[in-house]
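What follows is a set of notes on a single structure, which appears directly below.
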Amino acid sequence: MPTTAIRRRNHAALPWLRAIAFAGVTYLALFVLAFYPAAVPPVVAIVTGVLGLFSPAIGILVFLVAVGLPLLAADIVAGALFLVLGFGIIQYLSDSDGRVFLVIALAFAATLIKAEWGVAVLAGYLLGASDGAVVAFVACLLIQSAGLVSGSASIGVLATGGTTPVVDLRALAQIKDPLAFGWFLPALSRIDPSGFLKAVTQARDLALLAVQPLLWAGAAAAAGLLRKPVGDPRRRVWALVCVSIAVTGVAVLSAVASVALGGPVPLREFGLGAAVALALALAVAATAEWFFTPTSVEPTKTGTSAEDADVDELLRMISTAEEKLASKHTVSRTVLITDMKAFSRMTQELGSTETARLVQRHRDLLLPIVEKAGGKGKSTGGDGLLAAFDTPTAALGAAVEMQQALAAYNASRPGEDAVLIRAGIASGEVVLDKGGKPFLGDALNLAARVMSLADGGQVFATEDDAASAGTLPFGTVSHGEFRLKNITAPVGIVEVLWSSDQQGRAPHVSPPEE
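Residue numbers (the working numbering): 28 to 541.
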């Protein structure tokens, strides 16, 4: 079943809202820690918000460093673990324009008003069932971990089981001139790794600590699964019903779990927490549906753009060689062309040796997929691949499998730069070399132009090729017709989806050439 790309009304306000949220959670965290001089938290919060507006990853990095220093002063081991963990998953935290980070940070902030159940539900409602469940699960685990190291039996309405404090945050306010780092040597002398083991072994309500993240994940998944699709006339009202069901469910199940597993059951706090969480979830859901109303995107712009690709140079080489090779046998094939996203930036940041290793690794992963699908492929001499297939079905199937293989590869290396490719597919006449691999021709030119509209992680094909392939496992998104450089007639562009939770993204476009 084909799907459509989604855009929200007033979407231009979303980056500014993200920046305000970045600044807010940063200021709140530094205020609670009470480590820095009074003038520092607002300045750091503003810097984090501004950076979050343009680059969520850098904004999150500033947040981690600003919060990590007080934790280092309180306990070197706790601070080091926080920074190592934060730096290790910064790419995950910055996913979806920083929404993962914001959900986790806001879950911590919501504990101050006992509304964290509402944030868990909103994770699923805003991010989708699968992604939201993972984020809610991680947020719950992190809050529980904070309770263990701080010796708190509970945080908000969440049981954390802490009995033995590892980190004494109250002592931070007594540190004179913290930015002079006079606290560092005394902190080193207090290192006691056994404190963490003691905190864990003496924790209470271990069964409840194991169940709570599952309840959060279940509530998030339910909110994601219950929401109505875009365009459904009942979506707005049902959004309020959906989050109400999920918040009520997680509140009731948390109370039942506490009773059954012998944990604390402060009924008054549970009731108050459920009410505040419900109010928060309803307010956010209403804002998302009425002010940031999701709509289907039907792109009508025309033009071309190319990111980190030598498409123009490749086409010039093809044009020069075409006459010399006119005598070669010309056949009709479906051509698949790919290149790596941000290859130039990667080369500058990682260096030639490490970049060459990644390029070779991506070839080793992708070329066997081409061969398995019956295609003939080769490197373009840089960061791209070029292949010819007998049918559009084979080409599209290979492109989907390529993206899936790279997604699995990136997931297995969370601390490394992700290897992302974009792919373009088109059919037509092409000249093959002795090995049956494409060398030049109309199909190659068109495939390169189709690819230039895509971004990392996307597969674009001509409308004719997508139609010839029939029903695809995860559907397609039609982006309308585009007038491509050096291509006479407008070309219908279709995005081929390669995972069940993927949504289409509008092509990169620029004003047409004069």
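Note that CB positions come from ideal geometry on N, CA and C, so glycine has one too.
Contacting residues, own chain, Cβ-Cβ under 6 Å from G159 (five flanking each side not counted): A150, G151, A247 and G251
State buried or exposed for R360, treating a residue as buried only when at least 16 other CB atoms are found within 10 Å of its CB. buried
Should the segment 184 to 199 be called in touch with the segment 224 to 233, which here means at least 3 C-beta pairs below 8 Å? yes
Looking at the structure shown, is D14 part of a helix, part of a strand, or coil, going by DSSP? With the chain covering 28 to 541 only, the question about residue 14 has no answer from this structure.
Per-residue burial, K461 [other beta carbons within 10 Å of its own, 16 or more giving buried]: exposed
Have a look at L242 and R510 and give me their C-alpha separation to the nearest angstrom. 50 Å
Quick test of the definition: if touching needs 3 or more C-beta pairs under 8 Å, does the segment 507 to 523 touch the segment 488 to 499? yes
By DSSP, does T365 sit in helix, in strand, or in coil? strand
Can you find the residues in the same chain that come closer than 8 Å, C-beta to C-beta, to D469, ignoring five residues on each side of it along the sequence? G455, E456 and V457
Please list the segments of the beta strand (DSSP E) lying wholly inside the segment 102 to 127, counting only runs of 3 or more residues, in order along the chain. none
For L423, which residues from the same chain have a beta carbon less than 8 Å from its beta carbon, with the 5 sequence-adjacent residues on both sides left out? I452, V486, A488, D492, A493, A496, L499 and V523
G411, DSSP secondary structure in three states: strand
I need the DSSP call for P465, collapsed to helix, strand or coil. strand
Are the Cβ atoms of I448 and T365 separated by less than 7 Å? yes
Do you know offhand how far L129's Cα is from P192's? 27 Å
Assign T327 to one of three DSSP states: helix, strand, or coil. Caution applies to T327, whose pLDDT of 45 falls short of 50 and renders its modelled position unreliable; the value that the coordinates give is listed next. Note: T327 maps to coil in three-state DSSP.
Could you pull the start and end residues of the beta strand (DSSP E) that S505 belongs to? T503 to F509
Leaving out five residues before and five after S354 in sequence, what residues of the same chain have Cβ atoms less than 6 Å from its Cβ? Annotation note: pLDDT 47 at S354 (below 50); position unreliable, coordinate value reported separately. Nothing listed; no residue qualifies.
Opening and closing residue of the alpha helix (DSSP H) in which T420 lies: P419 to A438
Name the one or two DSSP bridge partners that P321 has. R35
Classification of K141 by the beta-carbon crowding that lies within 10 angstroms, buried from 16 upward: buried
Beta-bridge partners of S454, as assigned by DSSP: T361
Are the segment 103 to 122 and the segment 81 to 92 touching, with three or more C-beta to C-beta distances below 8 Å? yes
Where does E522 fall in DSSP's three states? strand
Presumed contact (8 Å Cβ cut-off) between L154 and S123, rounded CB distance: 7 Å
Check A166 in the structure and name its three-state DSSP category. helix
Please name the residue, chosen from K225, L363 and V477, that lies closest to V427 on a Cα-to-Cα basis. L363
Over what stretch of residues does the alpha helix (DSSP H) that includes F81 continue unbroken? V67 to F81
Could you pull out every residue in the same chain whose Cβ sits closer than 8 Å to the Cβ of I47, ignoring the five residues on either side in sequence? G76
Just verifying my parser: in three-state terms, what is the DSSP assignment at T228? helix
Using DSSP with H/G/I as helix, E/B as strand and the rest coil, what is V130? helix
Taking the Cβ atom as the reference point for each residue, do T138 and I182 lie within a distance shorter than 7 Å? yes
Could you name the residues of the same chain whose beta carbon sits closer than 8 Å to that of P69, not counting the 5 residues immediately before and after it, in chain order? Y54
Check whether the Cβ atoms of A61 and A200 sit closer than 7 Å, and answer yes or no. yes
Close beta carbons around I218, own chain, < 7 Å, minus the five adjacent residues each side: I103 and V104
Please state whether DSSP places S172 in a helix, a strand or coil. helix
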